[in-house]
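Engineer:
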Amino acid sequence: MVPDVAGLFVAACRAEMMALKPGNVHVHAAGHGMTVADFLASADVAAPEIARAGAPVGERVFGAVRATRVAVGCNTNLGILLLAAPLARAAELPASWPLPDRVCAVLEELTVCDAEATYAAIRLAAPGGLGRAAEHDVDGPATVDLRTAMAAARSRDRIALQYADGYPDVFGIGVACARVMTGGGSLSMAEAVYLEFLTAFPDSHVRRKQGEAVAAALLAEAREVRRRVEAAPSAAVRREHLFVFDARLKWQGINPGTSADLTVASLFAHGLEGDGSGELEAKDERHDGRPAP
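Heads up: the sequence shown is residues 383 to 675, going by our numbering.
1. With the cut-off set at 9 Å, would you say L601 and Y545 are in Cβ contact?
2. Which residue comes first and which comes last in the alpha helix (DSSP H) that contains V520?
3. Name the DSSP bridge partner or partners of H408?
4. Between the alpha carbons of A419 and A453, how many angstroms are there, rounded?
5. List the residues that DSSP assigns as beta-bridge partners of M416.
6. By the 10 Å Cβ neighbour count, where 16 or more other Cβ atoms means buried, how is G628 classified, buried or exposed?
7. Among I504, A558, L644, which has the Cα closest to the Cα of R540?
8. How would you label D521, buried or exposed, when you count the other beta carbons within 10 angstroms and need 16 or more for buried?
9. Can you tell which of A497, A472, A614 has the C-alpha that lies nearest to the C-alpha of C486?
10. Classify V384 as buried or exposed, calling it buried when 16 or more other Cβ atoms lie within 10 Å of its own Cβ.
11. Quick check: the region 605-621 against the region 632-644, are there 3 or more CB pairs under 8 Å?
12. Below 8 Å on the Cβ atoms is my guess for V494 versus V447; work out the distance and round it to an integer in Å.
13. Have a look at L528 and A411 and give me their C-alpha separation to the nearest angstrom.
14. Which residues bound the alpha helix (DSSP H) around W633?
15. Give me, in chain order, the residues of the same chain whose beta-carbon lies closer than 8 Å to that of F421; leave out the 5 immediate sequence neighbours on both sides.
16. Can you tell me which of the three DSSP states L475 falls into?
17. Taking only the alpha-carbon atoms, compute the straight-line gap between A595 and A535 and give it to the nearest angstrom.
18. K403 by DSSP, collapsed to three states: which one?
19. Just curious, the alpha helix (DSSP H) that L600 is in, first and last residue?
20. Using a Cβ-Cβ cut-off of 6 Å (strictly less than) and excluding sequence neighbours within five positions of A542, which residues of its own chain qualify?
21. Taking the CB atoms as reference points, tell me whether V552 and M563 lie closer together than 9 Å.
22. How far does the alpha helix (DSSP H) with V562 in it reach, from first residue to last?
23. Apart from the five residues just before and just after A425, which ones in its own chain have a Cβ nearer than 6 Å to its Cβ?
24. With DSSP collapsed to three states, give me the class of G513.
25. Of the residues S570, E606, I462, P584, which one's Cα is nearest the Cα of V626?
26. Taking just the CA atoms, how far does V488 sit from P468?
27. Determine the burial state of G440: buried for a count of at least 16 other Cβ atoms within 10 Å of its Cβ, exposed for fewer.
28. How big is the Cα-Cα spacing for L569 and A642?
29. Using the C-alpha atoms, what's the distance from D483 back to G556?
30. Take P404 as the anchor and find which of L577, M571, A560, A651 has the nearest alpha-carbon.
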């Protein structure tokens with residue numbers, strides 16, 4: 383059966399928005415001057431472009447960024463779209479192959495045209511803190527295929543690393559965690575996956591915008607908070623640890639955006655594999671029973 387690529391993409395984006403993700407945008411607390419409504423609208427308008435059957439990866443990314451710009455007027459989802467486009471293209475390949483193998487096949491076939499379209503998408507999205515690159519800068523013409531261009535940035539950008547190395551974090555960390563969470567738990571699937579990424583390596587969005595020292599300090603603090611969450615005697619105490627950490631990060635202006643992007647990609651991949659995708663259907667409510675804003 384062919385998966386509902388657009389529906390699974392929207393479900394993954396919604397599940398991530400409904401999760402209490404410390405430092406990131408979510409329904410449980412305001413922050414960073416961005417609204418949940420913008421992110422949900424972005425998912426809705428981007429989904430048809432990400433899922434456009436037969437379209438090359440670069441065209442999917444550019445179409446989705448353009449649709450997002452028209453809908454909300456700012457960059458809400460560039461990292462998500464960069465990660466989702468190869469996954470959506472891979473979903474069109476024979477289902478007899480494991481999804482990671484299909485993703486690798488898609489990455490191996492990326493072209494200079496994919497790079498051109500993706501460069502244009504990045505320029506249109508205008509992500510904060512991007513800066514200039516010594517080679518394959520997005521402000522210039524593409525001279526190599528998209529995977530080669532991404533490989534040049536793999537040491538400084540975790541999304542680029544996925545392209546270069548075959549989505550090791552998405553499948554090895556995110557999807558692996560989602561499979562374990564299918565049976566349920568005190569945290570939602572999206573929250574558990576997000577914490578896996580937040581405590582696995584320095585967030586490259588934080589590192590790009592605020593430097594190595596801030597990213598390293600965030601990693602250390604996240605690991606300590608996770609230890610407290612796992613040792614907490616009740617769900618209420620676990621939630622309180624996450625709320626306090628969330629408020630502190632937002633007060634400091636720290637937004638672990640790459641961890642959130644990888645979370646969406648992992649939930650999307652998990653859904654495409656057909657493993658409990660119904661669990662991505664998020665309820666628009668707080669975990670403590672209060673209505674979401």
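We put the CB at the ideal spot given by N, CA and C, even for glycine.
Structural biologist: The relevant details are as follows:
1. Going by C-beta atoms, L601 is not nearer than 9 Å to Y545.
2. Per DSSP, V520 lies in no alpha helix (DSSP H) and is assigned neither H nor E.
3. H408 is bridged by DSSP to A411.
4. A419 and A453: Cα-Cα distance of roughly 11 Å.
5. Per DSSP, G413.
6. Looking at the sequence shown, residue 628 is not Gly but Asp. Per the 10 Å Cβ criterion, buried.
7. Closest by alpha carbon: L644.
8. Under the 10 Å beta carbon count, D521 is surrounded by fewer than 16 other beta carbons and is classified as exposed.
9. Residue A472 is the option with its Cα nearest to C486.
10. The residue in question, V384, is exposed, as its Cβ has fewer than 16 Cβ neighbours within 10 Å.
11. Not touching, per the Cβ criterion.
12. Not confirmed; about 19 Å, so no contact.
13. Using only the alpha carbons, I get a separation of about 37 Å.
14. Per DSSP, W633 belongs to the alpha helix (DSSP H) from 617-633.
15. C395, M399, V407, T458, N459.
16. Residue state, collapsed to three classes: coil.
17. Distance from the CA atom of A595 to the CA atom of A535, rounded to whole angstroms, is 20 Å.
18. Reduced to three states, the DSSP call for K403 is coil.
19. Element bounds for L600: 594-613.
20. Beyond the five residues adjoining it in sequence on each side, A542 comes within less than 6 Å, by CB distance, of M532, A535, R536 in the same chain, given in chain order.
21. It is not a contact, given that the beta carbons lie outside the stated cut-off.
22. Unbroken alpha helix (DSSP H) run through V562: 558-563.
23. Excluding the 5 residues flanking it on each side, A425 has same chain C-beta neighbours closer than 6 Å at V392, C395, in chain order.
24. Because the pLDDT of G513 is 46, which lies under 50, any placement of that residue in the model is unreliable, and the number read from its coordinates should be weighed accordingly. DSSP places G513 in coil when its eight states are reduced to three.
25. If we check each option's Cα against that of V626, E606 comes out closest.
26. If you draw a straight line from the Cα of P468 to the Cα of V488, it is about 6 Å long.
27. G440 comes out buried.
28. Spanning the two alpha carbons is a distance of roughly 16 Å.
29. It is roughly 16 Å from the alpha-carbon of G556 to the alpha-carbon of D483.
30. Checking every option, the nearest Cα to that of P404 belongs to L577.
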